[in-house]
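S.K.:
There are 2 protein chains.
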Amino acid sequence: MGDILKCKLIVSYDGTEYSGWQVQTNAPTVQKAVQDAVESSFGKRYSVTGCSRTDSGVHAKAFCCAVDFKDDNVSIPVDKIPIVMNRYLPVDVSVLNAEFKDDSFHPRYDVVYKEYEYLIWNSPIRNVFLNNRAFCYPKTLDEKLMSDAADYFVGKHDFAGFMSVGSSVEDTVREIKYFTVRREGDRVIINVAADGFLYNMVRILVGTLIEVSERKIAVGDIPEIIASKNRKNAGFTAPPEGLYLSKVVY
Amino acid sequence: MGDILKCKLIVSYDGTEYSGWQVQTNAPTVQKAVQDAVESSFGKRYSVTGCSRTDSGVHAKAFCCAVDFKDDNVSIPVDKIPIVMNRYLPVDVSVLNAEFKDDSFHPRYDVVYKEYEYLIWNSPIRNVFLNNRAFCYPKTLDEKLMSDAADYFVGKHDFAGFMSVGSSVEDTVREIKYFTVRREGDRVIINVAADGFLYNMVRILVGTLIEVSERKIAVGDIPEIIASKNRKNAGFTAPPEGLYLSKVVY
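Chains as they are written, first to last, in the working numbering: chain A, 180 to 429; chain B, 180 to 429.
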């Protein structure tokens with residue numbers, strides 16, 4: 180039989196209507212939509228494994244998942260897979276790219292780092308084209324101060340205080356590669372890359388930067404807040420609609 | 180009583196859920212949404228006049244309309260009007276700016292020129308963040324050739340052939356100030372400004388440029404096609420979802 184074993188897919192989605200990536204009973208999920216499209220495209224149900232979970236309402240510019248074809252022949256040329264699958268996918272999910280991989284590829288364990296983008300519409304007047312696509316924050320943010328605060332997070336730290344309560348991860352040490360804040364007009368755009376993220380970690384980091392801008396948290400206190408490993412010392416959890424999984428590097 | 184007579188509003192809207200600007204019986208319109216928000220904000224129903232109609236599904240980055248307060252006092256400071264009205268407007272309509280004008284101001288008759296933007300997502304792979312917000316055109320467009328064709332339209336012409344059948348306008352001469360086509364990655368962005376537009380004129384102009392790119396219409400034939408005043412010689416009517424009213428100049 181065929182020697183193609185896995186197919187790596189880059190998937191973009193508007194997460195507004197989904198309860199995140201991971202399949203759940205009685206809730207629409209992106210994983211379910213992709214599995215259904217795989218079945219319609221290839222005539223058989225295959226398992227689809229994602230690079231991570233995403234929360235309800237969170238978006239992806241470039242999520243990564245893998246279809247495990249086992250020993251089956253794949254009937255569609257690899258460059259046609261996005262076109263075919265997009266015929267079956269709902270309009271808010273799109274396969275951007277497909278690439279065959281051998282059986283050793285694992286979309287979660289093989290990740291070197293992932294990047295998230297957080298989009299803030301920083302104006303008292305809403306942007307109708309960013310409903311559910313950005314966090315609308317009315318008070319003017321100090322992106323320079325936020326950027327100074329972000330610098331303190333770069334590197335290897337125990338982020339136990341930047342994780343929502345209820346998570347049961349054992350190792351809470353993560354390495355942030357870069358964490359940047361920039362303004363483009365009324366948009367404040369935050370990018371953060373790490374070897375892994377704890378539950379709600381990006382949203383808590385963003386909430387912390389906003390509280391720095393609001394002078395509720397002093398920039399110089401960030402190392403102490405990290406060291407405290409106490410969720411109560413960090414900022415609020417920014418809402419999901421501003422968050423995009425933007426890059427997965429293997 | 181007060182000497183504030185009219186209030187000029189700049190309004191942005193996502194037109195997806197609306198049957199255009201103009202009030203209709205049994206269909207949601209942006210004008211109706213604005214009139215309702217005026218009533219909720221000022222405690223009384225006032226007439227709201229727009230700068231033009233827009234088609235069903237067409238968007239606006241900066242539509243202009245005027246509320247006629249007659250001789251009534253306006254209870255809200257002008258800089259607070261957008262904030263107050265946006266509390267009552269649906270999330271897909273937003274007042275960006277408010278400015279008091281005297282009674283002589285007319286949002287339609289006083290227009291010097293209007294600009295429309297047409298957004299094409301030029302890729303065989305859909306962009307989930309541009310559903311209903313762009314025309315998704317799969318074949319690669321030649322933006323240089325389209326721009327050459329656009330140049331022929333600039334100036335004063337009888338655009339009778341670039342109007343949907345069924346329109347009963349008498350004077351079909353309009354002056355196009357500028358008409359540009361540019362590419363930004365997979366986006367092709369068309370901007371066209373004129374002293375006025377006939378029914379579906381922008382969408383037919385865009386369809387014509389696309390047929391030039393497809394070599395169905397020769398660039399050099401544009402003057403002849405304009406002179407023929409025959410709708411059949413122009414290109415197809417591009418769909419509404421790519422169209423944005425982007426600027427109104429008085």
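Built from N, CA and C at the ideal position, the CB exists for glycine as well.
All values derive from a computational prediction rather than experimental measurement.
1. On the CB-based measure, 16 or more other CB atoms within 10 Å of its CB, does proline 303 of chain A come out buried or exposed?
2. Spatial neighbours of lysine 408 of chain A within its chain, please: C-beta separation below 7 Å, excluding the five flanking residues on both sides.
3. With distances taken between CB atoms, is the gap from asparagine 301 of chain A to threonine 319 of chain A smaller than 8 Å?
4. For serine 347 of chain A, does the count of other Cβ atoms within 10 angstroms reach 16, so buried, or fall short, so exposed?
5. Could you tell me the alpha carbon to alpha carbon distance between serine 326 of chain B and serine 191 of chain A, rounded to whole angstroms?
6. Using a C-beta cutoff of 8 Å, does serine 220 of chain B count as contacting chain A?
7. Residues in the same chain with beta-carbon distance under 7 Å from leucine 384 of chain A, minus the five sequence neighbours each way, listed in chain order, please.
8. Quick test of the definition: if touching needs 3 or more C-beta pairs under 8 Å, does the region 411-427 of chain B touch the region 236-245 of chain B?
9. Using beta carbons (cut-off 8 Å, strictly below), is serine 191 of chain B in contact with chain A?
10. How about glycine 375 of chain B and arginine 353 of chain B: are their beta carbons less than 8 Å apart?
11. In the structure shown, what three-state DSSP assignment does methionine 180 of chain A receive?
12. Quick one: which chain B residues come within Cβ less than 7 Å of proline 261 of chain A?
13. Kindly indicate if chain B contains any beta-carbon less than 8 Å away from that of arginine 266 of chain A.
14. Just to confirm my understanding: we take threonine 208 of chain B, look at its own chain, exclude 5 residues before and 5 after, and list those with CB closer than 8 Å. What are they?
15. Looking at C-alpha atoms only, which residue of A/Asn379, A/Lys280, A/Val367 is the closest neighbour of proline 317 of chain A?
16. Should aspartate 321 of chain B be labelled buried (16 or more other beta-carbon atoms within 10 Å of its own) or exposed?
17. On the DSSP letters alone, give me the boundaries of the beta strand (DSSP E) that tyrosine 197 of chain A sits inside.
18. Taking a cut of 8 Å between CB atoms, which residues from the region 309-324 of chain B lie near chain A?
19. How would you call aspartate 258 of chain B, buried or exposed, if buried means at least 16 neighbouring beta carbons within 10 angstroms?
20. Just to confirm the assignment, what range does the alpha helix (DSSP H) spanning phenylalanine 415 of chain A have?
21. Is the beta carbon of valine 213 of chain B closer than 8 Å to that of valine 227 of chain B?
22. Taking only beta-carbon positions, decide if aspartate 258 of chain A is within less than 8 Å of chain B.
23. What residues in its chain sit with their C-beta under 8 Å from that of glycine 344 of chain A, if we drop five residues either side in the sequence?
24. For tyrosine 288 of chain A, count the other beta carbons within 10 Å of its own beta carbon; 16 or more makes it buried, fewer makes it exposed. Which is it?
25. Can you tell me where the alpha helix (DSSP H) with serine 407 of chain A in it begins and where it stops?
26. Given a cut-off of 8 Å on the beta-carbon distance, is the pair valine 381 of chain A and leucine 324 of chain A in contact?
27. Do you know whose CA, among A/Val217, A/Cys315, A/Asn379, A/Arg361, lies nearest serine 235 of chain A's CA?
28. Using the C-alpha atoms, what's the distance from threonine 359 of chain B back to isoleucine 299 of chain B?
29. I need the boundaries of the alpha helix (DSSP H) containing phenylalanine 341 of chain A, first residue and last residue.
30. For glycine 222 of chain B and valine 291 of chain A, I'd like the C-alpha separation in whole angstroms.
31. Of all the options A/Val270, A/Phe279, A/Leu184, A/Tyr225, which has the alpha carbon lying nearest to the alpha carbon of arginine 312 of chain B?
32. Rounded to whole angstroms, what is the Cα-Cα separation between lysine 293 of chain A and leucine 188 of chain B?
33. From this set, B/Asp281, B/Gly194, B/Val274, B/Glu349, which residue's C-alpha is nearest aspartate 250 of chain B's C-alpha?
34. Within the 8 Å Cβ cut-off, does glutamate 227 of chain B reach chain A?
35. For serine 219 of chain B, I'd like the list of residues in its chain whose CB is within less than 7 Å of its CB, leaving aside the five on either flank, ordered along the chain.
36. Which bits of chain A does serine 273 of chain B rub up against, with CB to CB less than 9 Å?
M.R.: Based on what the coordinates show:
1. Looking at its Cβ environment, which holds fewer than 16 other Cβ atoms inside 10 Å, proline 303 of chain A is exposed.
2. Asp337, Ala339, Gly340
3. yes
4. exposed
5. 31 Å
6. no
7. Phe332, Phe341, Val371
8. yes
9. yes
10. yes
11. Confidence is the limiting factor: at methionine 180 of chain A the pLDDT is only 42, short of 50, which leaves the residue's position unreliable and the question unanswerable from this model.
12. Ile304
13. no
14. Tyr197, Ser198, Gly199, Trp200, Gln201, Val202
15. A/Val367
16. buried
17. From DSSP, tyrosine 197 of chain A is part of no beta strand (DSSP E); its letter is neither H nor E.
18. Asn310, Arg312
19. exposed
20. It is not in any alpha helix (DSSP H) - phenylalanine 415 of chain A carries neither H nor E in the DSSP assignment.
21. For valine 227 of chain B and valine 213 of chain B, yes; Cβs fall inside 8 Å.
22. Not a single C-beta of chain B is nearer than 8 Å to the C-beta of aspartate 258 of chain A.
23. Per the sequence shown, residue 344 of chain A should be read as valine rather than glycine. The residues are Arg410.
24. exposed
25. 401-407
26. no
27. A/Asn379
28. 13 Å
29. Neither: phenylalanine 341 of chain A is in no alpha helix (DSSP H) and is coded neither H nor E.
30. C-alpha separation (whole angstroms): 59 Å.
31. The shortest C-alpha separation from arginine 312 of chain B is found at A/Val270.
32. 43 Å
33. Restricting attention to B/Asp281, B/Gly194, B/Val274, B/Glu349, the CA atom closest to the CA of aspartate 250 of chain B is found in B/Asp281.
34. Reading off the sequence, residue 227 of chain B comes out as valine, not glutamate. Cβ-Cβ to chain A under 8 Å: no for valine 227 of chain B.
35. Leaving aside the five residues that flank serine 219 of chain B on each side, the residues in its chain whose CB is nearer than 7 Å to its CB run, in chain order, Tyr267.
36. Ile304, Arg305, Asn306, Val307
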